[in-house]
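Let me begin by presenting the structure, written as structure tokens, before commenting on it.
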Amino acid sequence: MMRPAATSTTSTTKLPTPPDGSSRFSILVYAHTHWDREWYQPFERFRMMLVHAVDRILDTLEAEPAFTTYVLDGQTIVLDDYLAIRPEARPRIERLVRAGRLEVGPWYILPDEFLVSGESLVRNLLEGRRGARAFGSELAVGYLPDPFGHVAQLPAVLAGFGIDSIVFSRGMGNEYAGLGPTFRWLAADLVTGITAVVQTSTYTNGYCNAELLSKPRTATDDARIVPGLEAAVGLATHLAEEANTGTLVFAAGCDHETINPQLPQLLDQLTGRIDGADIAISGLAGIIASIESSVAERASRGETLAEYSGELRGSWHAPILAAIFSARIALKQDNVRLQTRLERCIEPLVALAGAGGVWRTDTALLRHAWKLALQNQPHDSIGGCSVDSTHLDMPPRTRAAHQVCDSLVEDVLAALGQHERDLVSNTAATSAGGIVNRVVYGGSAHAVGAVAEGVTADTSVGDVTDVTDTFGEVM
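For any residue, its number in this note's numbering is found by taking its place in the sequence shown, counting from 1, and adding 3.
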């Protein structure tokens, strides 16, 4: 519910006229936490904090109808981690998600986009969407508050999932001067595009720009309430001066914070300090709807958003921590080997066997291997910028994923071995041929050393003892 500015003895700050021609700005406040799954503490230490935080979030949303919506950081893995400890809470979560009061997804984890493959980004969204739908609804906003910059084709990736907007904080560079806080971000084809909203602040990361409103305090603790309200007034003034729509976005939350049950009451107090704006709690879906309405109003007057195409790796509002790209390089190499094996070896082999009718594709096992890979790809994990105890937890996930891959290969080859014809699969990007020695699975009696179709012995690449992947590892 919108809160119009009320009369008060407290001095008020007058905002300028919104650029869409409306008489008042809409200040939409989304309450949230940004949950780094592992970072300056290892996963299990943070999970203990997560359980207490989500307990409080659920209790507050159920007890306070005025607290209309909470955003759970755009990644569904936090709910998986929570429910592993509190499985009995699933019906409560589902009720809140279906009612639109708890926004989840669309990602499985919040990745570093430059350190993982494009296919990993796609699988991340696939898994996140599947998880969100299992709870009852998915957030169709490409929320990426903290990753260190964004790849040029992210608009195409998001659009492929029916997502036509993104809200982000890091990555904007000097182009901000010509684009403003809301712009049209185009993919490489210069046709596919999404509405992009960059979060800004007067003193911190944009996704924490109203964090002082998220800290629980007593109703009479003026020494703590007043600074938060004054900071919010300053934020409103800052955002209004740079706005190119009639919507101002407040983010009431930050890293590893929980919910403030008193936020609705604080916003009531804030309305008495700002003239020229209506204030409401909202989710990201509501924020994007408000922005799109404002954009449409400007378009009716012949005013369109500026357009941009390309990657976003600047540090205009927040640093992107470029040094992470060479930190703990062995972990990055492990990730490349695993995701490449999944993409170019395991899945093509499984697909060929399935298409040939000799093996039933086990998608659950493939998903499990991908989830293990994705769990090493959050920005602070794959970035190598966390404490040692965090990064020591990553190699076991990689080994487990490779073990799943090993089992899948053995099952597929055993199934192929039961049939009369041998199959040699080339998963490289270019054509190849030659003589290969095969390992016999499942009791096949066919001759070893057959010539692959379409080549002769004159073009042989030589004998090999096993079929290997692109890194020389036995499949």
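For every residue, glycine included, the Cβ atom is placed at its ideal position computed from N, Cα and C.
Quick check: what's the CA-CA separation for residue 20 versus residue 164? For residue 20 and residue 164, the distance between alpha carbons rounds to 36 angstroms.
Which value, in whole angstroms, describes the spacing of the CA atoms of residue 360 and residue 242? So the two alpha carbons sit approximately 59 angstroms from each other.
By the 10 Å Cβ neighbour count, where 16 or more other Cβ atoms means buried, how is residue 447 classified, buried or exposed? At residue 447, the pLDDT of 45 sits below 50, so the modelled position is not reliable and the matter cannot be decided from this model.
What is the residue span of the alpha helix (DSSP H) that residue 29 lies within? Where residue 29 is concerned, there is no enclosing alpha helix (DSSP H), although the beta strand (DSSP E) it sits in stretches over 28-34.
Flag this pair as touching only if the segment 375-382 and the segment 125-134 have three or more C-beta atom pairs under 8 angstroms; answer yes or no. Touching, per the Cβ criterion.
Just to confirm, are residue 217 and residue 238 a CB contact at a threshold of 8 angstroms? No, Cβ-Cβ distance for residue 217 and residue 238 is not below 8 angstroms.
Assuming residue 323 and residue 316 form a contact by the criterion Cβ under 8 angstroms, report the distance between their Cβ atoms to the nearest whole angstrom. Between residue 323 and residue 316, the beta carbon gap of about 6 angstroms places them in contact (Cβ cut-off 8 angstroms).
Spatial neighbours of residue 368 in its chain, beta-carbon cut-off 7 angstroms, leaving aside the 5 residues before and after: The answer, listed in chain order, is 407, 411.
Residue 29 versus residue 272 - alpha carbon distance: Rounded to the nearest angstrom, the two C-alpha atoms are 16 angstroms apart.
For the segment 95-107 against the segment 137-151, are there 3 or more C-beta pairs whose distance is under 8 angstroms? Judged by Cβ distances under 8 angstroms, the segment 95-107 makes contact with the segment 137-151, as three or more pairs qualify.
Separation of residue 210 from residue 171, as counted between CA atoms: The straight-line gap from Cα to Cα measures roughly 8 angstroms.
With distances taken Cα to Cα, identify the nearest neighbour of residue 154 among 135, 206, 190. Nearest Cα to residue 154 within the set 135, 206, 190: 190.
Between 311, 338, 391, which lies nearest to residue 372 when the distance is taken from Cα to Cα? The candidate whose alpha carbon is nearest that of residue 372 is 338.
Continuous beta strand (DSSP E) stretch holding residue 497: start and end: Given that the chain is displayed from residue 4 to residue 478, the structure contains no residue 497 and the question cannot be resolved.
Which two residues bound the contiguous alpha helix (DSSP H) that contains residue 373? Where residue 373 is concerned, the enclosing alpha helix (DSSP H) stretches over 366-377.
Top-ranked residue by Cα proximity to residue 270, from 333, 85, 233: For residue 270, the nearest C-alpha among the options comes from 233.
Contact the segment 53-60 vs the segment 278-293: 3+ CB pairs below 8 angstroms: No contact exists between the segment 53-60 and the segment 278-293.
Short Cβ contact (8 angstroms threshold) for residue 287 with residue 74: Going by beta carbons, residue 287 and residue 74 fall inside the 8 angstroms limit.
Three-state secondary structure (DSSP) of residue 161: Reduced to three states, the DSSP call for residue 161 is helix.
Quick check on the burial criterion: 16 or more other C-beta atoms within 10 angstroms. Buried or exposed for residue 51? Exposed: under 16 other Cβ atoms inside 10 Å.
What is the residue span of the beta strand (DSSP E) that residue 146 lies within? Where residue 146 is concerned, the enclosing beta strand (DSSP E) stretches over 145-147.
Can the beta-carbon of residue 198 be found less than 8 angstroms from the beta-carbon of residue 167? Going by C-beta atoms, residue 198 is nearer than 8 angstroms to residue 167.
When you compare only the Cα positions, how much space is there between residue 49 and residue 422? Between residue 49 and residue 422, the alpha-carbon positions lie close to 50 angstroms from each other.
What separation, rounded to the nearest whole angstrom, lies between the Cα atoms of residue 303 and residue 146? Computed Cα separation, rounded: 28 angstroms.
Assuming residue 275 and residue 31 are in contact, meaning their beta carbons sit under 8 angstroms apart, how far apart are those beta carbons, in whole angstroms? The pair is not a contact, with the Cβ atoms about 18 angstroms apart (cut-off 8 angstroms).
As assigned by DSSP and simplified to three states, the class of residue 154: Residue 154: coil per DSSP, three-state reduction.
Cutoff 7 angstroms; reference residue 258; Cβ partners in own chain excluding five residues on either side: So the qualifying residues of the chain are 37, 39.
Using a threshold of 8 angstroms, state whether the C-beta atoms of residue 354 and residue 415 are closer than that. With respect to residue 415, residue 354 sits apart: the two C-beta atoms are not nearer than 8 angstroms.
What are the boundary residues of the alpha helix (DSSP H) that residue 168 is part of? Per DSSP, residue 168 belongs to no alpha helix (DSSP H); it is in the beta strand (DSSP E), 168-171.
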